[in-house]
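Okay, so here's the structure we're looking at.
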Amino acid sequence: MNTTTASTRTLLTAAALAAPVWVVVCLAQVLTREGFDLTRHPLSQLATGGLGWIQIANFVTVGALFIAGSFGLRSAMYGRPGGTWTPRLTAIVGAGMIAAGVFTMDAGDGFPAGTPAGPPAGMSWHAIAHMASGSIAFIALAAAGFVLGRFFSRAGDRPAAIVSRLAGVAVILGDGWAMSGGRMGSLTLAVGVTSALVWLSAVAYRLRGNA
C-alpha cells in the first residue's frame, strides 16, 4: 500500500467513524440526561446545561471527522460523477456541525431540568447562529444524498442509489416536519438527519474498502 492510498483510507476512516460517534454519544445522553424528552427537545438542546459540554464536543468532533473525511472522499471519488460535489458537501456538513456546536441553542421547554415549560421568551444571538448553522448543514446533507444517488446510478448500483436518495428525502421531511411545528418534530428531525449521517459514513466505509 503506497502512502497516498494509506492516507486516503485513514481519511475515509474518519468519515466512517463520524456517524457512529454521533449516535452513541447522543443516545447515551438521551437515555441519561434528566428531563430530556426526544419527542419535545431537539438533540441540539443537549448542548445546554451543566453537561452541555458533552454535546458541544460531540458536534465539534463529528464535524471535524466529516471535514477530514471529505478529503478522503475527494481522493476516492476523483474523476467520477459526484466526485466533485460529494466531498464539498461533506465538508459543509462538517463545518455546519462545528458551528452548531460553538453556537448553542437556548434552554427551554423544561430542559435542562428546572427550566420553565414552553419556548424561551426570546431567541439569543447564538441560538439564531445555531439555527443558521444547522440549516446549512441540513441542506448540504440532503444534497449529498441526491448527489450520491447519481454517483451510484452511474456505477450501476441501483440499491445504493435508492438508499442515497432516500437519505436526502429523510433530511428534508424530518426538518420540514419539525419546522412546521408538527407533532414530535424533534424526533422526526433526529431520525431523518441521523439516518442520512449514518449513510454518509457507510458510503465512506464502503469506499475505504476499495481505496
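Each step along the sequence shown adds one to the number in the UniProt record's numbering, with nothing skipped, and position 15 is 15.
Here a beta-carbon is modelled for each residue, glycine too, at the ideal position from N, C-alpha and C.
Element boundaries [alpha helix (DSSP H), containing residue i]
{"i": "A121", "result": "It is not in any alpha helix (DSSP H) - A121 carries neither H nor E in the DSSP assignment."}
{"i": "P112", "result": "Looking at the DSSP string, P112 is not in any alpha helix (DSSP H), and its letter there is neither H nor E."}
{"i": "P42", "result": "No alpha helix (DSSP H) contains P42, which DSSP labels as neither H nor E."}
{"i": "A155", "result": "Segment: none, A155 is in no alpha helix (DSSP H) and carries neither H nor E."}
{"i": "R88", "result": "85–102"}
CA-to-CA distance, residue j to residue i, given in whole angstroms
{"i": "R206", "j": "T84", "result": "18 Å"}
{"i": "S70", "j": "A143", "result": "15 Å"}
{"i": "L31", "j": "G79", "result": "44 Å"}
{"i": "I172", "j": "A76", "result": "27 Å"}
{"i": "F146", "j": "R88", "result": "14 Å"}
{"i": "G35", "j": "M184", "result": "16 Å"}
{"i": "I67", "j": "H41", "result": "27 Å"}
{"i": "L12", "j": "S201", "result": "9 Å"}
{"i": "M123", "j": "H130", "result": "11 Å"}
Assumed close pair residue i, residue j - CB separation to whole angstroms, cut-off 8 Å
{"i": "A15", "j": "G82", "result": "Not confirmed; about 15 Å, so no contact."}
{"i": "T194", "j": "V23", "result": "6 Å"}
{"i": "F151", "j": "T86", "result": "7 Å"}
{"i": "Q55", "j": "Q29", "result": "6 Å"}
Cβ pair residue i, residue j closer than 8 Å
{"i": "V98", "j": "F59", "result": "The displayed chain sequence assigns Ile, not Val, to residue 98. Yes, the pair counts as a contact, with Cβ atoms nearer than the cut-off."}
{"i": "A137", "j": "A100", "result": "yes"}
{"i": "T61", "j": "V21", "result": "yes"}
{"i": "A18", "j": "L197", "result": "yes"}
{"i": "T115", "j": "A107", "result": "yes"}
{"i": "G96", "j": "S133", "result": "yes"}
{"i": "residue 213", "j": "G50", "result": "With the chain running from 1 to 211 in the structure shown, residue 213 is simply not present."}
When the options are compared against residue i, the one with the closest alpha-carbon
{"i": "G174", "options": "V163, T8, L187", "result": "L187"}
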